[in-house]
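Asker:
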Amino acid sequence: MSRAPIGPRAPRPLIGCAAGTWAGTAAGRGDCLHVRATGGRMAVLRSLAAVGAAPGLWWGAARAAAGLRGRCPRRGYAADSAQSAPTFGFLLDIDGVLVRGHRVIPAALEAFRRLVNSHGQLRVPVVFVTNAGNILQQSKAQELSALLGFKVEPDQVILSHSPMKLFSQYHNKRMLVSGQGPLVENARVLGFENVVTVDELRMAFPVLDMVDLQRRPKTTPLLRNDFPAIEGVLLLGEPIRWETSLQLIMDVLLSNGNPGTGLATAPYPHLPVLASNMDLLWMAEARMPRFGHGTFLLCLETIYRKMTGKELQYEGLMGKPSVLTYQYAEDLIRQQAERRGWVAPIRKLYAIGDNPMSDVYGANLFHKYLQMVKHDGAEKQGAGGLWRQRPSATQSCASILVCTGVYNPKGPEPTQPVQGAEEAPFHGHRDFSFSPGLMEASHIVNDVNEADGKVKAVVLNPTFTMA
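Quick note: to get the numbering used here, add 691 to the position in the sequence shown (first position is 1).
(1) So is G928 buried or exposed if we call it buried at 16+ other beta carbons inside 10 Å?
(2) Is D786 helix, strand or coil by DSSP?
(3) Looking only at its chain, what residues have a beta carbon closer than 8 Å to the beta carbon of E992, apart from the 5 residues adjacent to it on each side?
(4) First and last residue of the alpha helix (DSSP H) that includes G1053?
(5) Residues in the same chain with beta-carbon distance under 8 Å from I796, minus the five sequence neighbours each way, listed in chain order, please.
(6) Indicate whether A966 and Y1005 have their beta-carbon atoms separated by less than 8 Å.
(7) The alpha helix (DSSP H) with G985 in it runs from where to where?
(8) Measure how close the beta-carbons of L827 and N877 come, nearest whole angstrom, since I'm counting them as under 8 Å.
(9) May I ask you to list the residues that DSSP assigns as paired with R814?
(10) So, at 7 Å on beta carbons, what are the nonlocal neighbours of S1087 in its own chain, with the 5 sequence-adjacent residues on each side left out?
(11) Could you check what DSSP says for R932 in three-state terms: helix, strand or coil?
(12) So the beta strand (DSSP E) M866 belongs to, where does it begin and stop?
(13) Please determine if the segment 820-835 and the segment 1005-1020 are in contact, where contact requires at least 3 C-beta pairs separated by less than 8 Å.
(14) Okay, do the segment 927-946 and the segment 865-873 touch, 3+ Cβ pairs below 8 Å being the bar?
(15) If I follow the unbroken alpha helix (DSSP H) through T1016, where does it start and stop?
(16) Along the chain, where does the beta strand (DSSP E) containing K1039 start, and where does it finish?
(17) For the segment 1041-1055 and the segment 1096-1108, state whether three or more C-beta atom pairs, one from each stretch, are separated by less than 8 Å.
(18) Mind reading off the beta-carbon distance from F779 to Y1041? Whole number of angstroms is fine, and I expect it under 8 Å.
(19) From this set, L1023, N1046, D942 and P854, which residue's C-alpha is nearest M901's C-alpha?
(20) Step through the CB atoms of chain D and report whether any lies within less than 8 Å of the CB of N825.
(21) For L874, which residues from the same chain have a beta carbon less than 7 Å from its beta carbon, with the 5 sequence-adjacent residues on both sides left out?
(22) Cβ of A1132 within 8 Å of Cβ of S1083?
(23) Am I right that V818 and L782 are in contact with their C-beta atoms under 8 Å? What's the rounded C-beta distance?
(24) Could you name each continuous alpha helix (DSSP H) segment of 4 residues or more that falls completely within the segment 1097-1157, going from the start of the chain to the end?
(25) Are G792 and E976 touching if we call contact CB-CB under 8 Å?
(26) If you drop the 5 nearest sequence neighbours on each side, which residues of the same chain put their C-beta closer than 6 Å to that of D970?
(27) In three-state DSSP terms, what is I796?
(28) Only counting the same chain, and skipping five residues up and downstream in sequence, which positions put a Cβ closer than 7 Å to that of D784?
(29) Suppose contacts are defined by Cβ-Cβ distances below 8 Å. Is L954 in contact with S946 by that definition?
(30) Would you mind listing the alpha helix (DSSP H) stretches within the segment 854-907 that are 4+ residues and don't spill past its ends, in chain order?
(31) Using a 10 Å radius around the Cβ and a threshold of 16 neighbouring Cβ atoms, would you call K1101 buried or exposed?
(32) Keeping to the same chain, check which residues put their C-beta closer than 6 Å to that of P1108; ignore five residues upstream and five downstream.
(33) Look up A832 in the DSSP assignment and say whether it is helix, strand or coil.
(34) With DSSP as the reference, identify every bridge partner of I1091, one or two as the case may be.
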């Protein structure tokens, strides 16, 4: 069973990857093939063909830039030497898995008591992969350290926008940045030096923001003609005033970066847009999920289509379930193992999360990609040797779904229609196809503490010793 994406199919659909990077770096605005859930091998091959170039592309950048669940075995992992080196690693979601809002989930503390040795070091490589983006990487690492009781390094944390470091062709462009938190600092960490926030744009053109009567200018300001044109848009996370951000982003796209002048006809293709965090919903302290940045993207896409009759295009979509994000995480797992002196290659990854659409879908999609690489040598495909390549040792990625966050085991299954509907609601992004198989977890467990026990009991490498 398959279902088309929400709304008309985009003219240049993505796989949640870097369209301009993976399939056309030299041109700057390339194409990336869409994931069609037909079940056939050729469909998967065509869908992931453009992904193959990515590992080599970002290997050098990740090196230079340096970004659990489970019921652990009672006596812990013994992986403190090369002789007992682990051959697997964990990719851990944060919200809904380790924490709910500012409250740590007790099962997470129990799990890490067994995953951390007496020296405060992890016994297996772990990377925290979150779709949050309204915080600095270093601050998120400090926050996790305080909550979990051991030191988490910044390069063990991947935020939703971390892979934007790879989009160097836009780093010298003047970019409008949307979101909240340390926006300018985050943009600079990612490599973007010339950014304008939505608030700065609003101050330059006060007459653009008209929804809130209290914020409207009391007098008509003089028109400005000295404001440098904006050359692209960065969507790092959900903003605070959605009506302001939606209006001003649309103004920039429809005016080709000159909102003070406007254009009679909107340009198409429009200015490049990079976006991260496609989560429609996320779980905090409330009993029901909260709107995520995916909801904001849906609003922006709908408004753009309604006003222009065309689809909003993305040069890159990152954060889970993007394959690019998992490749980025895989490299950090490998670097972590190398720093610890673990000589055995990391063969398997366990991705633990609470959201079937982002965590499970993303892990399963990455697993399909790894199988493609193994069978067809997909990593050798790409943009004609424009970047250095490094083969991946990882052979598989298993998805583990916990019940402490978005997923509700008492509710309808994510792949089943709700009462009165013909189809299951699809919470994924427009540029991802509905595929029931990709939303089925390898294992469903109560919490992160139980997940690690599942790893030990079901799929643990028999050569890996337990202390």
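All residues carry an ideal CB built from backbone N, CA and C; glycine is no exception.
Answerer: In short:
(1) That one is buried.
(2) It is a strand residue.
(3) Result list for E992: G698, E1002, L1003 and R1121, in chain order.
(4) For G1053, the enclosing alpha helix (DSSP H) has its first and last residue at Y1052 to D1067.
(5) Taking C-beta separations shorter than 8 Å and ignoring five residues to either side along the sequence, the partners of I796 in its chain run V788, L789, V790, T1095, D1138 and V1139, following chain order.
(6) Yes, Cβ-Cβ distance for A966 and Y1005 is below 8 Å.
(7) From DSSP, the alpha helix (DSSP H) with G985 extends over H984 to T999.
(8) Right, the Cβ-Cβ distance comes to about 6 Å (below 8 Å), so this counts as a contact.
(9) None; R814 has no bridge partner.
(10) Correct list, in chain order: K1039, H1058 and L1061.
(11) Three-state result, R932: coil.
(12) Per DSSP, M866 belongs to the beta strand (DSSP E) from M866 to S869.
(13) The segment 820-835, when compared against the segment 1005-1020, does touch it at the 8 Å Cβ threshold.
(14) Yes, since at least three Cβ pairs between the segment 927-946 and the segment 865-873 fall closer than 8 Å, the two stretches touch.
(15) Counted as a single uninterrupted DSSP element, the alpha helix (DSSP H) harbouring T1016 occupies residues V1014 to R1030.
(16) Per DSSP, K1039 belongs to the beta strand (DSSP E) from K1039 to G1044.
(17) Segments in contact, yes.
(18) Contact holds; Cβ gap of about 6 Å.
(19) The shortest C-alpha separation from M901 is found at D942.
(20) Within the model displayed, chain D is absent; a lone protein chain is all it includes.
(21) Exclusion of the five residues before and after L874 leaves V868, T888 and L927 as the residues of its chain whose Cβ lies within less than 7 Å of its Cβ.
(22) Cβ atoms of A1132 and S1083: not closer than 8 Å.
(23) Contact between V818 and L782 holds, since their C-beta atoms are separated by about 6 Å, short of 8 Å.
(24) With a minimum length of 4 residues, the unbroken runs of alpha helix (DSSP H) contained wholly in the segment 1097-1157 fall at 1139-1145.
(25) The answer is yes: Cβ separation under 8 Å.
(26) If we look at D970 and ignore the five residues flanking it on each side, its Cβ neighbours are N822, G983, G985 and S1049.
(27) Collapsing the DSSP output to three states places I796 in coil.
(28) Around D784: V820, T821, I1043, G1044, D1045 and D1050.
(29) It is a contact, given that the beta carbons lie within the stated cut-off.
(30) Entirely contained in the segment 854-907, the alpha helix (DSSP H) runs reaching 4 residues are, in chain order, 874-881 and 889-895.
(31) Exposed, because fewer than 16 other Cβ atoms sit within 10 Å of the Cβ of K1101.
(32) By the criterion of a C-beta distance shorter than 6 Å, P1108 is surrounded in its chain by E1114 and A1115, once the five residues flanking it on both sides are discounted.
(33) In this structure, A832 counts as helix in the three-state DSSP scheme.
(34) Per DSSP, the beta-bridge partners of I1091 are I1043 and H1134.
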